[in-house]
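Enquirer: Residue numbers (this note's numbering): 0 to 358.
Let me give you the structure first, and then I'll get to my questions.
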Amino acid sequence: MPFYYEGNVYIRRSETGEKVIFENPAAINESVEYINKHSIKHVGVSDFDSPDVYFLNECPGIEHLDVFNSFIKDLSGIYSLRDLRILSINETTTKNVFKIGELKNLQEVYGQLPSKTAGLNELSKLTRAQLWSYKPKARNLTEFSGLKSLKELILTQSNIVTLEGIQEIVSLQMLQLNYLRSLKDVSALRKVKAPLIDVEFESCKGIEDFSSIGELMHLEQLKLINCGDIPSIRFTENLPKLKAFIFPDTHVQDGDLSLCENIEEVYYTKQKIKNRDPEKGMKLGDLALPTIEWEKRMADGDDLFTKENIRAANKVLDSFIKNLTQDSGLTEKEIKKYVKQVTLKLNKLNEKYDYFIAV
Numbered sequence: 000m001p002f003y004y005e006g007n008v009y010i011r012r013s014e015t016g017e018k019v020i021f022e023n024p025a026a027i028n029e030s031v032e033y034i035n036k037h038s039i040k041h042v043g044v045s046d047f048d049s050p051d052v053y054f055l056n057e058c059p060g061i062e063h064l065d066v067f068n069s070f071i072k073d074l075s076g077i078y079s080l081r082d083l084r085i086l087s088i089n090e091t092t093t094k095n096v097f098k099i100g101e102l103k104n105l106q107e108v109y110g111q112l113p114s115k116t117a118g119l120n121e122l123s124k125l126t127r128a129q130l131w132s133y134k135p136k137a138r139n140l141t142e143f144s145g146l147k148s149l150k151e152l153i154l155t156q157s158n159i160v161t162l163e164g165i166q167e168i169v170s171l172q173m174l175q176l177n178y179l180r181s182l183k184d185v186s187a188l189r190k191v192k193a194p195l196i197d198v199e200f201e202s203c204k205g206i207e208d209f210s211s212i213g214e215l216m217h218l219e220q221l222k223l224i225n226c227g228d229i230p231s232i233r234f235t236e237n238l239p240k241l242k243a244f245i246f247p248d249t250h251v252q253d254g255d256l257s258l259c260e261n262i263e264e265v266y267y268t269k270q271k272i273k274n275r276d277p278e279k280g281m282k283l284g285d286l287a288l289p290t291i292e293w294e295k296r297m298a299d300g301d302d303l304f305t306k307e308n309i310r311a312a313n314k315v316l317d318s319f320i321k322n323l324t325q326d327s328g329l330t331e332k333e334i335k336k337y338v339k340q341v342t343l344k345l346n347k348l349n350e351k352y353d354y355f356i357a358v
């Protein structure tokens, strides 16, 4: 993803096209002219000394905006972007109310919203929200309850205590909650009618009872990563569509993992369990794939990792593990052959997806 200058205009080129980045106050007019002349849809505002973003009023065609600026005190210049579909925002220090509800066509929002953000519940077209340090006064999810189009919700380091309100997000398909120390009650999952197929909890050690997950009849993938002690995983027997259950660094207190035998894909950290002989040690299939960490980095905003490239890597690694585990009598030569195959496949993925694995 090379960066270069066209005159004084700072540009980043990627597979999706050009992105113009405002980084120099002296180049604002030149950048605006370039954006309009070349119909640039993706624009960034980096950390340069500017009290506002009124210059964005002159670029009405912007559809994707990234704001990473600690100097901006007034974000109202964004309201004029009627075609804005994607907003990433971080590091802003504004104390003014940010009326995000003015962005009527917004479909995706990422980052850390200003502390005084209003109108989140008015974004009727929002399909994806990936937020860091989301701290609602109600300490639950009721602010999202009116978002009928929302399909993916990812929260990291939020202050929420319960999931109340989630039952009103009628189109929700994916829920990911990371490092929520205050979260204790997830019983609202029992009331979910949405086609929720992918659920992940990571480092949410305060949750007292996960059994409500057993009410999610559409669930296909479940991750409970580093969630401390949980009494049992018996709730999984009520999930007819569950294909993948990943729970490294989460300890099942009753030690019974027999239910995992009926699930297509399972990864967990070695622990004392009833249904396996601990003398045999950890099996290859018990290991967590590195893609778990990549998904975490993607959730943290690392755009080198995407659902597409992680899914492709998972497919390659799953095939490799299957080849090694299907026959216990493999020779050293055969093992080397499989290692060579997986290495070549991962190298091809690296070339295809901008060398994301090498980071």
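Idealized CB from N, CA, C, for every residue including glycine.
(1) Quick check on GLN129: buried or exposed, where buried means 16 or more other Cβ atoms within 10 Å of its Cβ?
(2) Can you say whether GLN111 is buried or exposed, counting buried as having 16 or more other CB atoms within 10 angstroms of its CB?
(3) In whole angstroms, what is the alpha-carbon distance linking LYS344 and LEU323?
(4) Looking at the strands, I want to know which residues DSSP matches up with ARG310.
(5) Is it the case that the segment 65 to 73 contacts the segment 22 to 40, given that we only count it when at least three CB pairs across the two stretches are under 8 Å?
(6) Should ALA187 and GLU163 be called a contact, given that it needs their Cβ atoms to be closer than 7 Å?
(7) Do SER49 and GLU22 have their C-beta atoms within less than 7 Å of each other?
(8) Can you tell me the Cα-Cα spacing of THR116 and ILE99, whole angstroms?
(9) Here's a check: name, in chain order, each residue in its chain whose Cβ is nearer than 6 Å to the Cβ of MET173, leaving out the five neighbours to either side.
(10) Going by alpha carbons, who is nearest to GLU294 out of GLU201, ILE206, LEU258, GLU260?
(11) Which of helix, strand or coil does DSSP assign to SER13?
(12) Have a look at LEU182 and PRO1 and give me their C-alpha separation to the nearest angstrom.
(13) Mark ILE334 as exposed unless 16 or more other C-beta atoms lie within 10 angstroms of its C-beta, in which case mark it buried.
(14) Got a sec, what are the start and stop residues for the alpha helix (DSSP H) ILE133 sits in?
(15) My output table needs one value for MET173: the three-state DSSP class, helix, strand or coil.
(16) Classify LEU112 as helix, strand or coil using the three-state DSSP reduction.
(17) Threshold first: 3 residues or longer. Then list the beta strand (DSSP E) segments lying entirely within the segment 187 to 267, N to C.
(18) Check the DSSP bridge columns for LEU152 and list the partner residues they point to.
(19) Would you report the Cα separation of LEU241 and ARG84, rounded to the nearest angstrom?
(20) With which residues is VAL8 paired in a DSSP beta bridge?
(21) From the DSSP output, which residues share a beta bridge with GLU107?
(22) Consult DSSP for LEU64 and reduce its assignment to one of helix, strand or coil.
(23) In terms of residues, what are the limits of the beta strand (DSSP E) holding VAL44?
(24) Closest to GLU219 by C-alpha separation, out of SER231, ILE245, ILE206, would be which residue?
(25) How big is the Cα-Cα spacing for TYR266 and ASN28?
(26) Put THR290 into one of helix, strand or coil per three-state DSSP.
(27) Identify every residue that forms a DSSP beta bridge with ILE20.
(28) Would GLN156 and SER132 qualify as a contact pair, given that the criterion is a beta-carbon distance under 7 Å?
(29) I need the boundaries of the alpha helix (DSSP H) containing GLU350, first residue and last residue.
(30) What are the boundary residues of the alpha helix (DSSP H) that includes GLU163?
(31) Give me the residue from SER211, LEU223, VAL191 with the minimum Cα distance to CYS203.
(32) For THR377, does the count of other Cβ atoms within 10 angstroms reach 16, so buried, or fall short, so exposed?
(33) For the alpha helix (DSSP H) that contains VAL31, what are its first and last residues?
(34) PHE97 by DSSP, collapsed to three states: which one?
(35) Determine the direct distance from the alpha carbon of LYS18 to that of ARG12, and round the result to whole angstroms.
(36) Give the C-beta separation of GLU236 and LEU215 to the nearest angstrom, bearing in mind that I take them to be a contact with Cβ-Cβ under 8 Å.
Expert: Walking through what the data contain:
(1) buried
(2) buried
(3) 16 Å
(4) Paired residue(s): none; ARG310 is not in a bridge.
(5) no
(6) yes
(7) no
(8) 7 Å
(9) GLU151, ASP197
(10) GLU201
(11) strand
(12) 41 Å
(13) exposed
(14) According to the sequence provided, residue 133 is Tyr. The question's Ile does not apply to it. From DSSP, TYR133 is part of no alpha helix (DSSP H); its letter is neither H nor E.
(15) strand
(16) coil
(17) 197 to 201, 220 to 224, 227 to 229, 243 to 246, 249 to 251, 264 to 267
(18) ALA128, LEU174
(19) 33 Å
(20) GLU5
(21) ILE85, ARG127
(22) strand
(23) 41 to 44
(24) ILE245
(25) 53 Å
(26) helix
(27) TYR9, GLY43
(28) yes
(29) 331 to 351
(30) Taken as a continuous stretch (DSSP letters only), GLU163 belongs to no alpha helix (DSSP H), as it is neither H nor E.
(31) LEU223
(32) No answer is possible for residue 377: the residues shown for the chain start at 0 and end at 358.
(33) 27 to 36
(34) strand
(35) 6 Å
(36) Not quite, the Cβ-Cβ distance comes to about 13 Å (not below 8 Å), so this is no contact.
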